[in-house]
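For the sequence shown, our numbering puts the final residue at 73, and the numbers step up evenly by one.
Ideal Cβ positions, reconstructed from N, Cα and C, are used throughout, including at glycine.
On a predicted model such as this, the values are computed, not experimentally measured, just so you know.
See structure below.
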Amino acid sequence: MSEYGVYEAKTKLADLIKQVQQGERVTITNRGEPVADLVLSARRAGQRAQEAIDAIKAMRIGTIDQARFAEMRQRGRR
């Protein structure tokens, strides 16, 4: 988890969004006090969960190999 002051967050917003897309949580502070968290959209998080479920189902019927499953699992941990 990263913390940024309001001004710094404003100037680095694009970079902070990239961090969030990679699964990180970013806290924005005002005078040292946490005021907001940037987190992955619930919709996007749901899509990632569905991708993982689909991968597990595919693996069970033999249409995905373990290497692909391990990669998807690791991506889900970000």
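Contact set for residue i: own chain, Cβ-Cβ below 7 Å, skip 5 residues either direction
| i | result |
| --- | --- |
| Val34 | Val15, Arg20 |
Outcome for residue i when other beta-carbon atoms lying within 10 angstroms are tallied against a minimum of 16
| i | result |
| --- | --- |
| Ile23 | buried |
Residues of its chain near residue i, where Cβ-Cβ distance is below 6 Å and the 5 sequence neighbours each way are ignored
| i | result |
| --- | --- |
| Glu(-2) | Thr22, Thr24 |
| Ala31 | Ile23 |
Which residues DSSP lists as bridging residue i, in chain order
| i | result |
| --- | --- |
| Val32 | Before going further, note that residue 32 is Asp rather than Val in the sequence given. According to DSSP, which records beta bridges pairwise, Asp32 is partnered with Thr22. |
| Tyr2 | Tyr2 pairs with nothing; no bridge assigned. |
Range of the contiguous alpha helix (DSSP H) that encloses residue i
| i | result |
| --- | --- |
| Ser27 | Checking the sequence shown, residue 27 turns out to be Gly, not Ser. Counting along the chain, Gly27 falls outside any alpha helix (DSSP H), and DSSP gives it neither H nor E. |
| Arg10 | Per the sequence presented here, residue 10 reads as Asp, with Arg not at that position. Element bounds for Asp10: 8 to 16. |
| Met67 | 61 to 71 |
Close beta carbons around residue i, own chain, < 8 Å, minus the five adjacent residues each side
| i | result |
| --- | --- |
| Ala37 | none |
| Ile51 | Phe64 |
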